[in-house]
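The C-terminal position of the sequence shown is numbered 1207 in the working numbering, with every residue numbered one higher than the one before it.
Here is the structure we will look at, set down as structure tokens.
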Amino acid sequence: MKFGLRYASLGRYANGPAAVELAQAAETAGFESLWTIDHVVVPHGYQSRYPYSPTGRMGSGLEDYQIPDPLIWLAYIASATRTIKLGTAILILPQRNPVITAKAVATLDHLAGGRRVLLGIGVGWLAEEFAALGVPFDDRGPRTDEYVAAMRALWSQERASFKGRFVSFSEVFCRPLPADRRIPIIVGGDTKAAARRAGRLGDGYFPARGAPGELFDEMRRAAVEAGRNPADIEITVAAPAEPSEIEALTKLGVTRVAVPVSSAAGLPAQVETPDDVLRYGKDVIARLRD
918 MKFGLRYASL GRYANGPAAV ELAQAAETAG FESLWTIDHV VVPHGYQSRY
968 PYSPTGRMGS GLEDYQIPDP LIWLAYIASA TRTIKLGTAI LILPQRNPVI
1018 TAKAVATLDH LAGGRRVLLG IGVGWLAEEF AALGVPFDDR GPRTDEYVAA
1068 MRALWSQERA SFKGRFVSFS EVFCRPLPAD RRIPIIVGGD TKAAARRAGR
1118 LGDGYFPARG APGELFDEMR RAAVEAGRNP ADIEITVAAP AEPSEIEALT
1168 KLGVTRVAVP VSSAAGLPAQ VETPDDVLRY GKDVIARLRD
């Protein structure tokens, strides 16, 4: 089992020195990855329903709180670490220009030494945020699929070309290229649509809550329909609050658990300080990691 540290860029860790202290402790403790979240803006008084809370509001309902840009936060802590992987959980992909995003993600991976970035993506739920960014909300699903294909073209082709409904380019160089000319893309979400997307095009699947067997089955069916091997799609889930339950997750095909370091999205923090992180490494990771 691999261990990630989830919600790593929130709370006190939105600040540079604290973020570095956390990231270095995580690396020392044996965590394989750190994971950020993403919202460019949170519109005041939003009416869209947050899908992971019975109140329909993020967190405690607070709208004004620190959410650093995930790629910049990861670049900052990458410079202070050596091996820990750098994950987004998730980046709201349809809100972002895919050419600029492909460039930024490849640059991050290149500067971090290669093979360190895990690009978790989602379609988003906050319609008012899309409106503030001038991006249509209703077509975010097909827009996401196309953006993934366009970014992969930029990462893999010597002179990249792509023609789609939302983005087109011809014979362009996008440098630096990521290591192996690829960045793993992990699809996040607790819906059947997200599970199917992971099966069709994801390198991994990360539902936000628990280990939903029905969604894993949906993902695997979609993979088979797309001519893919479901076993090639890595599954990440939220770490159970009771560490004794982690080992059983391997029977469901789970290979990574993400441990909350900040209270977010209705999940309490399981570790809160760098010292907690180090203790978790000794008590749990040392016993269960790959």
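Cβ coordinates follow ideal geometry from the N, Cα and C atoms, glycine included.
Item to check | residue 1130 beta carbon less than 8 Å from that of residue 1071 | outcome: Against a cut-off of 8 Å, the Cβ pair of residue 1130 and residue 1071 comes out as no contact.
Item to check | DSSP state of residue 1063 mapped onto helix, strand, coil | outcome: helix
Checklist entry - Exposed or buried, what is residue 1080 when buried is set at 16 or more other beta-carbons lying within 10 Å of its beta-carbon? => result Residue 1080 should be labelled exposed.
Checklist entry - At least one CB of chain B closer than 8 Å to the CB of residue 1084: is that the case? => result Looking at the structure shown, chain B is missing, and only one protein chain is on hand.
Item to check | 8 Å Cβ shell around residue 1202 - same chain, five flanking residues per side excluded | outcome: 920, 946, 947 and 948
Next on the checklist: Using only CA atoms, which one of 1045, 928 and 1124 lies nearest to residue 966?
Outcome noted: 1045
Item to check | Unbroken alpha helix (DSSP H) run spanning residue 1116, endpoints | outcome: 1109 to 1118
Checklist entry - Bridge partners of residue 1169, per DSSP? => result Partner(s): none; residue 1169 has no beta bridge.
Next on the checklist: Please classify residue 1199 as buried or exposed, where buried requires at least 16 other C-beta atoms within 10 Å of its C-beta.
Outcome noted: exposed
Next on the checklist: As a quick exercise: from 1084, 1055 and 1056, pick the residue whose alpha carbon is nearest that of residue 1069.
Outcome noted: 1084
Next on the checklist: If you reduce the DSSP assignment to three classes, tell me which class residue 950 lands in.
Outcome noted: strand
Checklist entry - Shortest alpha-carbon distance to residue 1003 belongs to which of 984, 1030, 981 and 980? => result 1030
Checklist entry - Alpha carbon to alpha carbon, what distance is there between residue 963 and residue 1043? => result So the alpha carbons of these two residues sit roughly 8 Å apart.
Item to check | Bounding residues of the alpha helix (DSSP H) (the contiguous stretch that carries residue 1025) | outcome: 1015 to 1028
Item to check | Residues that DSSP places opposite residue 919 in a beta bridge | outcome: The partner list for residue 919 (beta bridge, DSSP) reads 1173.
Item to check | Rounded straight-line distance, which links the Cα of residue 1166 to that of residue 927 | outcome: 27 Å
Next on the checklist: Using 8 Å for Cβ pairs, my map puts residue 995 next to residue 1191. What's the rounded Cβ distance?
Outcome noted: The Cβ separation is near 18 Å, so there is no contact.
Checklist entry - Between the beta-carbon of residue 1007 and the beta-carbon of residue 973, is there less than 8 Å? => result The answer is no: Cβ separation not under 8 Å.
Item to check | Helix, strand or coil at residue 1081 according to DSSP, with G and I counted as helix | outcome: coil
Item to check | Helix, strand or coil at residue 1184 according to DSSP, with G and I counted as helix | outcome: strand
Next on the checklist: Between the alpha carbons of residue 989 and residue 1090, how many angstroms are there, rounded?
Outcome noted: 23 Å
Next on the checklist: Once the 5 residues before and after residue 983 are set aside, which same chain residues still bring their CB inside 6 Å of it?
Outcome noted: 931
Item to check | Start and end residues, beta strand (DSSP E) containing residue 1006 | outcome: 1002 to 1009
Checklist entry - Taking the alpha-carbon positions, what's the residue 1138 to residue 1128 distance? => result 17 Å
Checklist entry - Given that a residue counts as buried once 16 or more other Cβ atoms are within 10 Å of its Cβ, and exposed if not, what is residue 955? => result buried
Item to check | Cβ separation of residue 968 and residue 1107, assumed to be a contact under 8 Å, to the nearest whole Å | outcome: 7 Å
Checklist entry - Alpha carbon to alpha carbon, how far is residue 1195 from residue 1032? => result 24 Å
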